[in-house]
Amino acid sequence: MPHLILEYSANLDKTLAAERMVETVHEAAIASGLFPRAGARTRAVRQDCYRIANGNPENAFVHLVARVGRGRSEEELQRAGDHIFAALTEFLDPLYCKRPLAISMEFVEISTWKQNNLRHYLSKDKP
Numbered sequence: 671m672p673h674l675i676l677e678y679s680a681n682l683d684k685t686l687a688a689e690r691m692v693e694t695v696h697e698a699a700i701a702s703g704l705f706p707r708a709g710a711r712t713r714a715v716r717q718d719c720y721r722i723a724n725g726n727p728e729n730a731f732v733h734l735v736a737r738v739g740r741g742r743s744e745e746e747l748q749r750a751g752d753h754i755f756a757a758l759t760e761f762l763d764p765l766y767c768k769r770p771l772a773i774s775m776e777f778v779e780i781s782t783w784k785q786n787n788l789r790h791y792l793s794k795d796k797p
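Going by this note's numbering, the sequence shown opens with residue 671, and the numbers climb by one from there.
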């Protein structure tokens with residue numbers, strides 16, 4: 671954990687560097703100190719069917735859903751959320767200054783079943 675899902679409106683396709691956005695959010699989550707690298711999963715999902723505010727086709731959105739495991743304090747989640755949201759809004763600032771853009775984020779605590787061997791393989795990558 672976390673699973674970070676960046677939803678964005680399709681009208682951003684030509685101007686949004688989605689892969690860089692994924693990298694920015696992924697690294698911010700890890701840098702927050704709350705989430706281990708081996709548990710982080712970050713992805714972007716383009717949304718083709720949407721309506722924003724008054725329906726103006728120029729209106730755009732980016733929404734980050736952060737699904738996290740239980741057991742962290744509200745203060746820890748607030749600090750991590752502030753850090754991640756700051757990184758996301760800084761990344762999106764050039765677009766935000768040029769067009770109508772709604773940026774939002776939510777944390778959702780979930781119960782999970784999981785199995786992975788990523789820590790084993792990550793330990794092999796260390797110099």
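All C-beta atoms, glycine included, are put in the ideal place defined by N, C-alpha and C. Since this is a predicted model, take the numbers as computed values, not measurements.
Mind checking whether Val695 and Ala757 have CB atoms under 9 Å apart?
Taking 9 Å as the Cβ cut-off, Val695 and Ala757 qualify as a contacting pair.
Quick one: measure Cβ to Cβ for Tyr678 and Ala688, integer angstroms, because I've assumed they're closer than 8 Å.
Sure, about 7 Å apart at Cβ, within 8 Å.
How far does the alpha helix (DSSP H) with Thr782 in it reach, from first residue to last?
Here Thr782 belongs to no alpha helix (DSSP H), and DSSP marks it neither H nor E.
Is the separation between the beta-carbon of Ile773 and that of Ala699 shorter than 9 Å?
Not closer than 9 Å, so no.
Of the residues Lys768, Leu682, Ser781, which one's Cα is nearest the Cα of Pro672?
When only C-alpha atoms are compared, the closest one is Ser781.
Looking at the unbroken alpha helix (DSSP H) that takes in Arg749, where does it start and where does it end?
Residues 744-766.
Please confirm whether Leu676 and Arg713 have their CB atoms less than 9 Å apart.
The answer is yes: Cβ separation under 9 Å.
Pull up the distance between the alpha-carbon of Ala750 and that of Phe731, whole angstroms please.
Each residue's alpha carbon lies about 22 Å from the other.
Given a threshold of 16 other Cβ atoms within 10 Å of its Cβ, counted over all protein chains shown, does Leu788 qualify as buried or as exposed?
With fewer than 16 Cβ atoms within 10 Å of its Cβ, Leu788 is classed as exposed.
First and last residue of the alpha helix (DSSP H) that includes Ala680?
Here Ala680 belongs to no alpha helix (DSSP H), and DSSP marks it neither H nor E.
Quick check on Gly739: does DSSP put it in helix, strand or coil?
It is a strand residue.
Just to check my reading of the structure: Leu682 and Ala736 have Cβ atoms closer than 8 Å, yes? What is that Cβ distance to the nearest angstrom?
With 8 Å as the limit, Leu682 and Ala736 do not qualify as a contact, their Cβ atoms being about 20 Å apart.
Need the endpoints of the beta strand (DSSP E) that Ala688 sits in, please.
Per DSSP, Ala688 belongs to no beta strand (DSSP E); it is in the alpha helix (DSSP H), 688-701.
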